[in-house]
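Novice: Have a look at this one before I ask anything.
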Amino acid sequence: MASPFLPGNSPNMHLLKDKFHKSQHFDYISGVLLTGIEKPGIGGELLPGQRLKPKSSVYPKAATGGLPSWVAFDKQALCFEAYFQEAVPDAPSEMNRIRKCKIYFYLEDDTIQVVEPEYKNSGIPQGTLIRRQRIPLPPPKQEQFYNVFHFNLQQQMVLFSHTFTVTNCDQFTRNFLAKCGVILNDPVAVPEDPYRNLREKMEKSMSPLRPYEKRDTLRQFLEHDRKVLRFFCFWDDTQAVCGDLRELVLHYFLADDTIEIREVIQPNSGRASASKFLRRSKLPKQASNQLNLPGEVTNRTVLNVLASSRKGDRFLLDSLKTGAIQEEFYKDCDLKVGGELNVWGRKVTIADCDDFTKDYYRSKYGTEVFNTVQYKAPVAPKPPRLVPPYNGFGSEEDSLSSCQHLLPKPPQKDLHKFMEYERCGLESNVLKFYAKMVTTSQVDSDREFIISFYLSDDSISVFERTQKNSGVLGGMFLARGRIKKPGQELFKSEPSEYFAAQDLHVGAILDLNNRLFQLLDADEYTFKYLEQHAEQFPKANIGSILAKLRLIPEEKQREIRNVLTLSDPTNTGFVTFDSFRSLLMASECGLSEHEVLVLGRSFSEHQQPEMDLALMLAVAQDVLKKKDFDQLPDMTRLFEQHDLSKTGRASTKEAMTICKAFQLPLSDNLLTSLLEKFADGDQIDYHAFLAGINWLEHPAPPVMPDDTLKFNVRLRREAGGVKNINYSSLVQEVFPIVSNAVDPDGAASA
1 MASPFLPGNS PNMHLLKDKF HKSQHFDYIS GVLLTGIEKP GIGGELLPGQ
51 RLKPKSSVYP KAATGGLPSW VAFDKQALCF EAYFQEAVPD APSEMNRIRK
101 CKIYFYLEDD TIQVVEPEYK NSGIPQGTLI RRQRIPLPPP KQEQFYNVFH
151 FNLQQQMVLF SHTFTVTNCD QFTRNFLAKC GVILNDPVAV PEDPYRNLRE
201 KMEKSMSPLR PYEKRDTLRQ FLEHDRKVLR FFCFWDDTQA VCGDLRELVL
251 HYFLADDTIE IREVIQPNSG RASASKFLRR SKLPKQASNQ LNLPGEVTNR
301 TVLNVLASSR KGDRFLLDSL KTGAIQEEFY KDCDLKVGGE LNVWGRKVTI
351 ADCDDFTKDY YRSKYGTEVF NTVQYKAPVA PKPPRLVPPY NGFGSEEDSL
401 SSCQHLLPKP PQKDLHKFME YERCGLESNV LKFYAKMVTT SQVDSDREFI
451 ISFYLSDDSI SVFERTQKNS GVLGGMFLAR GRIKKPGQEL FKSEPSEYFA
501 AQDLHVGAIL DLNNRLFQLL DADEYTFKYL EQHAEQFPKA NIGSILAKLR
551 LIPEEKQREI RNVLTLSDPT NTGFVTFDSF RSLLMASECG LSEHEVLVLG
601 RSFSEHQQPE MDLALMLAVA QDVLKKKDFD QLPDMTRLFE QHDLSKTGRA
651 STKEAMTICK AFQLPLSDNL LTSLLEKFAD GDQIDYHAFL AGINWLEHPA
701 PPVMPDDTLK FNVRLRREAG GVKNINYSSL VQEVFPIVSN AVDPDGAASA
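Okay, so the sequence shown: first residue is 1 according to this note's numbering, each after it adds one.
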C-alpha cells in the first residue's frame with residue numbers, strides 16, 4: 001500500500017544535498033578569464049540532456065613550469081608522419097593510392113593540422129588537407145576532442161572520415177611524449193605506392209632537351225656578400241723609362257672570388273688619375289700569350305649537337321669535360337703578405353693588409369705572423385707652425401683665431417667640458433672657498449671674501465661679504481672670468497696659463513689681478529667633490545697623505561704618539577682639531593693646510609649634541625604665539641589628505657613640504673630638529689608633531705630669550721666641519737708599534 005502524498009511521507013531529493021548555487025559564466029582557466037563556457041545547473045548537477053565537453057590536454061607541471069599551456073608551449077607543435085589510402089575506381093592500372101602526409105598537433109590549444117607535401121605534376125589538390133582546428137573523436141564520442149594522449153605510432157586515427165595510419169615522428173615529439181609518460185611503439189614503414197614508383201621511373205628515364213649542370217654559387221654569395229679583403233701592394237716599375245714605384249690597393253671579393261686593383265695616385269705626381277688599375281674579374285695565375293677565342297672558356301662543355309625535323313635542335317653536355325680548358329685562378333689562400341702576384345705579366349708585391357683581412361686569415365687559416373714589407377720612406381714630420389706673438393688687441397684666443405683663418409672666427413669653447421660640468425640638479429660643480437686678503441692694511445685684512453671656481457669653463461668670481469660698520473661696501477668684488485697666473489710675459493707666442501681647479505686648496509695664496517688672497521676654508525660640497533675626485537686633486541687624496549705620514553722617522557713618530565696621549569688625560573681617544581693641527585704643523589711633516597683638514601675629516605668624531613625636546617617645543621610655541629599662527633587645523637586636514645592609508649604617518653619630505661606651504665614661521669634649524677625628533681626612520685607621527693607645536697590646546701611653559709637664541713643664531717662652524725679627532729685609530733693605522741719593547745721615555749711621559 002502506497003503512503004499518501006503528504007508532507008513527511010514523500011522522499012526528499014534535496015535531503016542530503018549541500019550545494020544550491022547557480023553556476024556562473026565567468027571562470028579562470030590557466031590564469032586567463034574566459035566567458036561563454038557551458039556550466040551545469042543548480043549545485044553543479046547536469047541539466048536534463050546536458051553533457052559537458054572534456055577539457056583539453058593536462059600536461060605535467062614539470063613540462064609547463066607552472067605557466068599556462070598557451071604561454072609555455074607557444075609556437076610548439078608535435079609532428080607525426082602518416083599516410084592514408086585513397087581508392088581509385090576509374091583507373092585500370094591501380095586500385096588505391098598511398099598518400100603520405102604530416103600531422104601537426106599544436107600543444108598550446110590541442111589543434112590539429114594535416115598537410116600533404118606537393119608533388120610535381122601529380123594532378124591532385126595537395127597542401128593543407130585539414131586546416132588547423134580541434135578535431136572531435138569518431139562516434140560515439142563525438143563530443144570529445146583529440147588530445148596529446150590519443151597519439152601513438154602504429155595506430156589508426158579517424159580525422160573527419162579519413163583514416164590515417166601514424167608511422168613515425170620527429171625527435172622533439174619523442175622527447176615530449178616520453179616526459180608525459182606515453183610509451184611509443186616502434187615506427188613502421190609506409191607501404192609502396194605502385195603508381196608513384198612508375199612516375200619516378202619515368203622521370204629518371206626522361207632526358208631534357210636542354211640539359212644543365214647544377215652549380216651552387218648562391219651559398220657562397222649569401223655567406224660572404226659585402227665582405228672584401230683589402231691588401232696594400234706595390235709594383236716596382238723603376239727599370240722602365242720614366243718608371244717609378246706604383247702604389248696599389250687590391251680588393252678580393254669573397255662572394256665570387258674576383259679581384260679588383262686600384263692605383264693610389266699621389267697629388268702632383270704627374271700621372272692622370274685612372275678609375276681602376278684592374279677591373280673586377282677573376283685573375284689567372286698563368287697569363288697566356290694570346291687571348292682565348294669566344295666560347296673556348298665556358299662553364300659547360302658541349303659534346304655534340306643533334307638536329308631533328310620533329311624535335312628540333314638538341315645538344316648534349318660532356319660530363320667528363322674532355323675538351324675543357326683548365327685554368328687556375330687566384331684564391332684567398334694564394335694571397336699572403338710578402339708574396340707576389342702575376343697580374344697579366346706585372347709582378348705585384350703584397351706589402352700589408354687591413355685589420356679585417358688579418359682577422360679573416362687568423363680564423364680560417366690560423367695565420368698569426370704577417371711579414372709586412374716597407375716599400376716607401378717614412379713620412380717626414382711636418383714643420384712646426386709658428387704662431388706670431390700676442391699683439392695686445394682683444395684676448396689671446398681672438399688674436400690666435402685671426403692667424404688661423406683668412407676670415408677671423410670667434411674662438412670655440414670646450415662644449416664637452418661645459419656639458420659635463422654644467423649645473424645639473426643639486427650638483428652645482430662650483431667650488432667655493434672662504435678667503436681673506438693678504439695685506440698689511442688693518443681695514444683690508446678684516447674683509448671676508450667668497451671665491452667661487454666654476455668647473456664648466458675654469459672661471460673665477462670673488463664676492464665680498466657685507467660687514468656692519470666696516471666702512472667697506474660688500475657685493476661683487478671680481479666679475480666671473482678666467483684669470484691668468486702671475487709672472488707671465490704679456491706679448492708672447494705661447495698661450496698663457498690660467499688658474500685651474502688643482503691650484504685652489506685650503507691654505508693656498510692666489511694672486512688675482514695683483515691682489516693676494518689666502519684660502520682659509522671651503523664649504524662641504526667642495527670638500528666632498530675634491531675627496532671624490534682624489535685622482536685629480538692630490539692634496540685631497542687620503543692615501544697619499546697617509547703615505548707621507550708613514551715616511552716620518554721613527555723618533556718623530558714616537559714623539560707624536562706621546563704628545564697625543566698627553567693631550568688626552570681622560571683616555572677618551574679623542575683630541576680637539578686645533579691641538580691636532582698645531583702638533584702636525586710643528587712636527588714639519590710636510591703636510592699643507594688642506595691635507596691636514598682632509599686628514600682630520602677622515603678621522604673626525606661624528607656626533608651631534610642632544611637637544612631637549614620639551615625645550616624645542618616650548619621655543620616653537622613661543623615663536624608661533626608671537627606670530628599669531630592659527631593654521632594648524634588646516635595643516636592637520638592636509639596631512640590627512642596625503643595619508644591615504646590612514647596610518648597617521650607621513651614621510652619627512654612631505655612634512656617639510658607642507659610646513660613650507662603654510663609658511664610655518666620657524667627657523668630651518670629648529671624645524672629640521674623637530675622633524676628628526678618625531679621621525680621613526682623615514683616616517684613621522686604628524687599627529688604628535690602638530691599637537692606638540694599647538695600653542696592653543698597644549699600650551700608649554702614660557703621660555704627665556706637665551707633659549708630662543710640657541711636655535712636662531714648660527715655660529716660659524718669649525719674649519720672643514722671638524723671638531724674632535726679620533727687620534728687612537730689614526731695612531732693604529734699610521735704609527736703602529738712594531739716591536740713589543742717598552743720605550744722608557746714614552747712610558748715615563750705617559
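All C-beta atoms, glycine included, are put in the ideal place defined by N, C-alpha and C.
(1) Compute the Euclidean distance between the alpha carbons of Asp680 and Asp668, then round it to the nearest angstrom.
(2) How would you write the range of the beta strand (DSSP E) that Gly127 sits in, first residue to last?
(3) When DSSP labels each residue in this structure, what does Gln412 get in the three-state scheme?
(4) Taking Pro68 as the reference, which of Glu108, Lys102, Pro89, Asn513 has the closest Cα?
(5) Taking the alpha helix (DSSP H) that Asn168 belongs to, which residues open and close that run?
(6) Which whole runs of the beta strand (DSSP E) in the region 510–573 are 3 residues long or more, in chain order?
(7) Could you tell me whether the region 228–240 touches the region 338–355, where touching means 3 or more Cβ pairs closer than 8 Å?
(8) Buried or exposed, going by whether 16 or more other CB atoms sit within 10 Å of the CB of Phe277?
(9) Determine the burial state of Ala618: buried for a count of at least 16 other Cβ atoms within 10 Å of its Cβ, exposed for fewer.
(10) Closest to Phe145 by CA distance: which of Asn571, Leu153, Phe160 is it?
(11) Among the residues of its own chain, which have a CB less than 8 Å from the CB of Thr526, if the five just before and after it don't count?
(12) Provide the residue span of the alpha helix (DSSP H) that contains Trp70, from first to last.
(13) Please return the same chain residues whose Cβ sits closer than 7 Å to the Cβ of Leu670, not counting the five positions on each side in sequence.
(14) Would you mind sorting Met704 into buried or exposed? The rule is 16 or more other CB atoms within 10 Å of its CB.
(15) Evaluate contact between the region 685–700 and the region 648–660, counting only Cβ atoms and requiring at least three cross-stretch pairs below 8 Å.
(16) Enumerate in chain order the residues of its own chain whose CB-to-CB distance from Leu386 is below 8 Å, with the five nearest sequence positions on each side excluded.
(17) Can you pull the DSSP bridge partners for Trp235?
(18) To the nearest whole angstrom, what separates the beta carbons of Phe20 and Ile42, a pair I think is in contact under 8 Å?
(19) Cα-Cα, which of Met585, Asp414, Phe517 is closest to Ser445?
(20) Apart from the five residues just before and just after Ser602, which ones in its own chain have a Cβ nearer than 7 Å to its Cβ?
(21) From the DSSP output, in three-state form, read off Asp257 for me.
(22) Would Ala82 and Ile103 qualify as a contact pair, given that the criterion is a beta-carbon distance under 7 Å?
(23) Give every residue of the same chain whose Cβ lies closer than 6 Å to the Cβ of Thr128, excluding the five residues on either side of it in the sequence, and list them in chain order.
(24) Are Leu599 and Asn694 closer than 7 Å when you measure CB to CB?
(25) Measuring alpha carbon to alpha carbon, tell me which residue in Ala77, Ala178, Ser122, Glu535 is nearest Pro60.
(26) Could you give the distance in angstroms between the alpha-carbon of Leu218 and the alpha-carbon of Lys227?
(27) By DSSP, does Ile42 sit in helix, in strand, or in coil?
(28) If you draw a straight line from the C-alpha of Gly338 to the C-alpha of Tyr375, how long is it?
(29) Would you kindly check if the distance between the Cβ of Ile265 and the Cβ of Ser273 is under 7 Å?
(30) Hey, Pro191 and Ile112: beta-carbon distance below 7 Å or not?
(31) Can you tell me whether DSSP reads Ser108 as helix, strand or coil?
(32) Am I right that Pro411 and Ser401 are in contact with their C-beta atoms under 8 Å? What's the rounded C-beta distance?
(33) Beta carbon of Tyr330, beta carbon of Leu406: below 7 Å?
(34) Starting from Val430, follow the beta strand (DSSP E) in both directions and report where the run begins and ends.
(35) Determine the burial state of Leu415: buried for a count of at least 16 other Cβ atoms within 10 Å of its Cβ, exposed for fewer.
(36) Looking at Leu137: is its Cβ nearer than 7 Å to the Cβ of Phe105?
Specialist: The short version:
(1) Their backbone Cα atoms lie some 20 Å apart in a straight line.
(2) Counted as a single uninterrupted DSSP element, the beta strand (DSSP E) harbouring Gly127 occupies residues 127–133.
(3) Note: Gln412 maps to coil in three-state DSSP.
(4) The shortest Cα separation from Pro68 among Glu108, Lys102, Pro89, Asn513 belongs to Glu108.
(5) Asn168 -> not in any alpha helix (DSSP H); beta strand (DSSP E) instead, spanning 162–169.
(6) Counting only unbroken stretches of 3 or more residues, the beta strand (DSSP E) elements lying wholly within the region 510–573 are 516–522, in sequence order.
(7) Enough Cβ pairs lie closer than 8 Å, so yes.
(8) Per the 10 Å Cβ criterion, buried.
(9) Counting of Cβ neighbours within 10 angstroms places Ala618 among the buried residues, the total reaching 16 or more.
(10) Nearest C-alpha to Phe145: Phe160.
(11) Result list for Thr526: Leu431, Lys432, Phe433, in chain order.
(12) Segment 69–72, the alpha helix (DSSP H) holding Trp70.
(13) Excluding positions up to five away in sequence, the list reads Met616, Val619, Ala620, Phe711.
(14) Result: exposed.
(15) For the pair of segments examined, the region 685–700 was found to touch the region 648–660: the number of CB pairs separated by less than 8 Å reaches three.
(16) Only Ser493 meet the Cβ criterion.
(17) Arg246, Val348, per the DSSP bridge assignment.
(18) With a Cβ gap of about 6 Å, Phe20 and Ile42 count as contacting.
(19) Scanning Met585, Asp414, Phe517 for the CA closest to the CA of Ser445 turns up Phe517.
(20) These residues qualify, in order along the chain: Ile542.
(21) Of the three classes helix, strand and coil, the one that applies to Asp257 here is coil, per DSSP.
(22) In this structure, Ala82 lies near Ile103, with their beta-carbon atoms less than 7 Å apart.
(23) The beta carbon of Thr128 sits closer than 6 Å to the beta carbons of Val115 from its chain, once the five residues preceding and following it are set aside; these are given in chain order.
(24) No, these two residues do not count as a Cβ contact at 7 Å.
(25) Closest by alpha carbon: Ala178.
(26) Cα to Cα, Leu218 sits roughly 15 Å from Lys227.
(27) For Ile42, the secondary structure class from DSSP, reduced to helix, strand or coil, is helix.
(28) Each residue's alpha carbon lies about 11 Å from the other.
(29) Yes, Cβ-Cβ distance for Ser273 and Ile265 is below 7 Å.
(30) No, the pair does not count as a contact, with Cβ atoms beyond the cut-off.
(31) The amino acid occupying residue 108 in the given sequence is Glu; Ser does not appear at that position. Looking at Glu108 - three-state DSSP - the assignment turns out to be coil, as it is neither helix nor strand.
(32) The Cβ separation is near 5 Å, so the contact holds.
(33) With contacts defined as CB atoms closer than 7 Å, Tyr330 and Leu406 fail to qualify as a contacting pair.
(34) Its beta strand (DSSP E) spans residues 430–437.
(35) Leu415 should be labelled exposed.
(36) No.
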